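Numbering follows numbering that gives the first Met the number 0, in which position 89 of the sequence shown is assigned residue number 88; successive positions increment by one, without gaps.
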Amino acid sequence: MAKLNYFQKLIRLPLRALPIPEVVSFYWGSLKGYKWITKSSNASYWLGFYERKMKSYLVNVINEGDVFLDLGAHVGYYTLLASKLVGNSGRVYSFEPLPRNLTFLNKHLQLNSINNVSVYDSAVGHKKGFFTMNINSPVAAKLDKNGTFKVNVLDLASMLENKEIDFPDVIKMDIEGEERFLLPKLLNLFKERDVHLFLSTHGIEVHNELIDLLKQENFKLIPLDGQSLDTCTEIYCYRK
Numbered sequence: 000m001a002k003l004n005y006f007q008k009l010i011r012l013p014l015r016a017l018p019i020p021e022v023v024s025f026y027w028g029s030l031k032g033y034k035w036i037t038k039s040s041n042a043s044y045w046l047g048f049y050e051r052k053m054k055s056y057l058v059n060v061i062n063e064g065d066v067f068l069d070l071g072a073h074v075g076y077y078t079l080l081a082s083k084l085v086g087n088s089g090r091v092y093s094f095e096p097l098p099r100n101l102t103f104l105n106k107h108l109q110l111n112s113i114n115n116v117s118v119y120d121s122a123v124g125h126k127k128g129f130f131t132m133n134i135n136s137p138v139a140a141k142l143d144k145n146g147t148f149k150v151n152v153l154d155l156a157s158m159l160e161n162k163e164i165d166f167p168d169v170i171k172m173d174i175e176g177e178e179r180f181l182l183p184k185l186l187n188l189f190k191e192r193d194v195h196l197f198l199s200t201h202g203i204e205v206h207n208e209l210i211d212l213l214k215q216e217n218f219k220l221i222p223l224d225g226q227s228l229d230t231c232t233e234i235y236c237y238r239k
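Right, here's the structure in full:
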């Protein structure tokens, strides 16, 4: 996830001295009128500062009737946004393994009467099974053989091949390092399909490896944070 810049941090300072309600409504932007639980995240989400560049691309890419995969859904911000954009004829599949995040994700869906989202209380990876996860942070939990939290991991490529879920038009992937193993398997399924990918990479080696892979598959890459592909960690990927 992108870090807050200096201006965003400055804007948030007065909030620390003000009473903040438990539930607020978005007052502008694509989620205007939607409800949000303030303690689920930092204030940049509901103030409208959160990942603005990524949001602007998503709004232009997702169409009514599309299928959206939210891989690493956290507390559901992009799940809500995609749910609105795909409409009643579309579908959103959200994957999130952490109980704390899942609680807020489901509450956000309930608060906003969302009925076009399927939530999976699992992580996604390149193979199915139960694995351990390091959960020191609700925004940076990752699979770790030395972790203390056991989590169910789903093989997303197999789910798509077996038609357990609909084939996606747009994917947001933020899976804390597992993208290195999952993305090559997914790309094999995307040979004959146009899929828009919003990818977060974790670590320089993984970042460079996946950039090379995506270029080989004729994807155009646009950095969503940082000024270049060399310095960014979030990328919008689509075929030329």
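For every residue, glycine included, the Cβ atom is placed at its ideal position computed from N, Cα and C.
All values derive from a computational prediction rather than experimental measurement.
Buried or exposed by the 16-neighbour rule on C-beta atoms within 10 Å, applied to residue i
i      : result
PRO20  : exposed
ALA16  : At ALA16 the pLDDT is 48, less than 50, meaning the model places this residue with poor confidence and gives no usable figure here.
GLU163 : exposed
ASP168 : buried
TRP27  : exposed
PRO96  : buried
PHE103 : buried
LYS219 : exposed
SER199 : buried
ASN100 : buried
GLU178 : buried
Cβ shell of residue i (< 8 Å), same chain only, five flanking positions each side left out
i      : result
SER29  : LYS54, VAL58, LEU80, LYS83, LEU84
LYS127 : VAL152, LEU153, ASP154, SER157
GLU63  : LEU84, VAL85, GLY86, SER88, GLY89
ASN217 : ARG238, LYS239
TYR5   : Its pLDDT being 49, under 50, TYR5 is placed unreliably by the model, and the measurement read from it follows with that caveat. So the list is empty, once near-sequence residues are dropped.
LEU228 : ILE210, LEU220, PRO222, ILE234
Chain-order list of residues whose beta-carbon lies under 6 Å from that of residue i (same chain, five-residue window excluded)
i      : result
LEU70  : PHE94, VAL123, MET172, ILE174
SER40  : VAL74
ASP165 : VAL66, ARG90
GLY225 : CYS231
GLU191 : none
PHE180 : HIS125
LYS184 : HIS125, ALA156
Cut-off 7 Å between Cβ atoms - residues of its own chain near residue i, not counting five sequence neighbours on either side
i      : result
ILE221 : ILE234, TYR235
LYS31  : PHE25
ASN105 : VAL118
THR230 : none
LEU213 : LEU220, CYS236
ALA72  : THR78, SER93, PHE94, GLU95, LEU104
ASN115 : SER82, VAL85, ASN87, GLY89, ARG90, VAL91
ILE61  : PHE67, ALA81, LEU84, VAL85, VAL169
GLN7   : Note that GLN7 scores a pLDDT of 49, beneath 50, so its modelled location is shaky; the value from the coordinates is reported in the next line. Contacts found: SER43, PHE48.
In DSSP terms, what residue i is bridged to
i      : result
GLU233 : SER199
TYR92  : LEU68, SER117
ARG238 : PHE218
PHE129 : ASN151
VAL74  : Beta-bridge pairing links VAL74 to no other residue.
VAL123 : LEU153
Below 8 Å, can you find three or more Cβ-Cβ pairs linking the segment 44-57 to the segment 112-124?
The answer is no - the segment 112-124 does not touch the segment 44-57, with fewer than three Cβ pairs under 8 Å.
Does the segment 222-236 come within contact of the segment 183-198, defined as at least 3 CB pairs closer than 8 Å?
Yes: at least three Cβ pairs fall under 8 Å.
Give, in chain order, every unbroken run of the alpha helix (DSSP H) that is at least 4 residues long and sits entirely within the segment 186-227.
Here the runs fully enclosed are 203-215.
Meets three-Cβ-pair contact criterion under 8 Å: the segment 31-43 and the segment 98-114:
Contact between the segment 31-43 and the segment 98-114 is present, because at least three Cβ pairs lie under 8 Å.
Please give me, in chain order, every unbroken run of the alpha helix (DSSP H) with length at least 4 that falls completely inside the segment 144-177.
Segments of the alpha helix (DSSP H) lying fully in the segment 144-177: 155-160.
Kindly provide the ranges of any alpha helix (DSSP H) runs that are 4 or more residues long and lie completely inside the segment 10-62, ordered along the chain.
Listed in chain order, they are 43-46, 51-60.
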